[in-house]
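Chains as they are written, first to last, in my numbering: chain V, 73 to 323; chain G, 7 to 303. Below: one structure, written as structure tokens.
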């Protein structure tokens, strides 16, 4: 059995044995279901769109952002906690050629990302269908399939971005603060304001194309382009993380 | 066989290890001793591929750790007794490592049994005492049944029974022909455990060799005599340099006391008293690592 397969199996074992992933999965799926139920409950009230309208359904289908946030956090914990709990030491002792270690972590978190995103979006979508069906509406938007796939891809890529941030900072807290700081301040507060035409090319812009029905419908970017943009950022961050993991001494 | 060859590690302008060289052979327990900050842990971390040397090499069986085909089966390392996810159980921790290293599924249970943690196998590591963590760290090091064991302060946190158990286990492992390198600052305990020592101070080698030989080399012989000058001259002719402590007392360092007595007798020197003092490991350590040791060097 090759090193990479062994290490990937160990990563999956960590995920299954860890309460963190199960808690993340439960929270993510729970938030998705509850957010749809709340959106359905308030639809048509206080000047919100009525249930069954495109605006209301779009609001309920914004489930990909939950996948992205959950996977970003899980990715950061997945790599950052290796340093926090010093489990990076036995990990590097087993696999002194650290490239394989990073690759296995990425594969493991990607598998987790697919599972979590499929379950989160799937349960949310089932709740949307149930809410609409209860009101005798039996049609989902045409873009629902694209949105489902986009949310799974975005969630998975955000998980890998989280892994890269954890490896770069070697700290779960620093990685989380960095990620939130980048999204809220660098992208949303500064770049979206100063250069709105660039917004769609940023991480949040590309992710929104894949996860927000309204942005997807606007065709600011095609889904394929958005995947390419988000993948580009992911690969870039992963390259930086890999280089640092390979070159730096293990603390 | 562990070989450290002209190893140097600098952090900016600080030299943690400077041109350090020594070898550790199989079948014996070698103590790696030095005061805090001497560079012991840095040396072990370089040896295990966790840190990169500025220059020099550190090899195991002639190969750098990262180039070993099966590192976990070749070397068992216990560097830090706090390398666990607190939420994982002891058996899960070992199974994860065994999976990553391609080691049999039965082995984690076996090594837990070896270190006496079978009953705690399904307990979360977060609730373990320091001694239990130390045992789990050792269990992880033994997973691959390695021929080389490298342990940083393995006696830390162990109660007297635990220290005795560890000492017996290390002796047993060395007796099987394994190479065992153990760093420790618990000199009295190390003295009962190790056969060879490597002593470093300020990143440089202070001494290496069997404890008995090093102790003999630093044995001092003290002679009380009214014939101080004839004794000094007789010793000088045999290339032995004594130190005059008082007008009637001469001290000779490192020479065999029997030989000193014979030289005195041959020179017709009246010896009122001859005492020998062999240093124990603790005295030897302080002697080799004190500030004056550098001056003597």
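Heads up, the beta-carbon is just placed ideally off N, CA and C, and yes, glycines get one too. Values in this document were obtained by computation on a predicted structure and should not be read as measured data.
Asked	Found
Contacting residues, own chain, Cβ-Cβ under 6 Å from residue 242(V) (five flanking each side not counted)	155
Reduced DSSP secondary structure (H/G/I, E/B, other) of residue 25(G)	strand
Cβ-Cβ distance between residue 94(G) and residue 72(G) below 8 Å	no
Buried or exposed (CB count within 10 angstroms, at least 16 for buried), residue 239(V)	buried
DSSP beta-bridge partners of residue 38(G)	189(G) and 204(G)
CA nearest to the CA of residue 202(V), picked from 161(V), 179(V), 84(V) and 129(V)	129(V)
Of the residues 164(V), 92(V), 315(V) and 175(V), the one placed nearest residue 146(V), counting alpha carbons only	92(V)
Three-pair Cβ contact test at 8 Å for the segment 209-216 of chain V versus the segment 170-188 of chain V	no
Three-state class that DSSP yields for residue 45(V) in the structure shown	Nothing can be reported for residue 45(V), as the shown portion of chain V is limited to 73 through 323.
Cβ shell of residue 104(G) (< 8 Å), same chain only, five flanking positions each side left out	110, 111, 113, 114 and 149
Interface residues of chain G facing residue 81(V) [CB-CB closer than 9 Å]	105 and 106
Residue-level contact to chain G via CB, residue 90(V), 8 Å cutoff	yes
Residue environment, residue 86(V), which counts as buried when at least 16 other CB atoms sit within 10 Å	buried
Nearest neighbour of residue 61(G), chosen from 91(G), 12(G), 22(G) and 39(G) [CA to CA]	12(G)
N- and C-terminal bounds of the beta strand (DSSP E) containing residue 157(G)	154-158
Nonlocal neighbours in the same chain, by C-beta distance under 8 Å from residue 264(G), ignoring five residues either side	none
Segment contact, 8 Å Cβ cut-off, at least three pairs: the segment 183-199 of chain G with the segment 22-36 of chain G	yes
Given residue 153(G) as reference, the closest of 83(G), 228(G), 100(G) and 215(G) once Cα atoms are compared	83(G)
Contact list for residue 47(G) against chain V, beta-carbon separation under 9 Å	Per Cβ cutoff of 9 Å: no residues; residue 47(G) is ~12 Å from chain V at best.
Residue 249(G) - containing beta strand (DSSP E), residue span	249-252
Sub-8 Å separation of residue 283(V) and residue 226(V) beta-carbons	yes
Three CB pairs or more closer than 8 Å across the segment 189-197 of chain G and the segment 36-45 of chain G	yes
Positions along the segment 52-68 of chain G whose CB lies within less than 7 Å of some CB in chain V	54, 55, 56, 57 and 58
Residue 31(G), DSSP secondary structure in three states	coil
Simplified DSSP assignment, three categories, for residue 212(G)	strand
Length at least 3, wholly inside the segment 220-299 of chain G: the beta strand (DSSP E) runs in chain order	226-230, 249-252, 255-259 and 279-283
Cβ-based neighbour list, residue 302(G), same chain, cut-off 6 Å, excluding 5 preceding and 5 following	Confidence at residue 302(G) is low in this model, with a pLDDT of 43, below 50, so the placement of that residue should be treated as unreliable; the coordinate-derived value is given next. No residues qualify anywhere along the chain.
Euclidean distance between Cα positions of residue 119(V) and residue 113(V)	13 Å
Proximity test, Cβ basis, 8 Å: residue 88(G) and chain V	yes
Identified DSSP bridge partners for residue 215(V)	None; residue 215(V) has no bridge partner.
N-terminal and C-terminal residue of the alpha helix (DSSP H) that residue 280(V) is part of	275-283
Interface flag, residue 159(G) vs chain V, CB-CB below 8 Å	no
Residues within the segment 73-86 of chain G neighbouring chain V, beta-carbon criterion of under 7 Å	77, 78, 83, 85 and 86
Closest by C-alpha distance to residue 147(G), when choosing among 163(V), 76(V) and 310(V)	163(V)
C-beta contact flag for residue 150(V) and residue 250(V) at 8 Å	no
Inter-stretch contact at 8 Å, needing at least 3 Cβ pairs: the segment 298-318 of chain V / the segment 267-278 of chain V	yes
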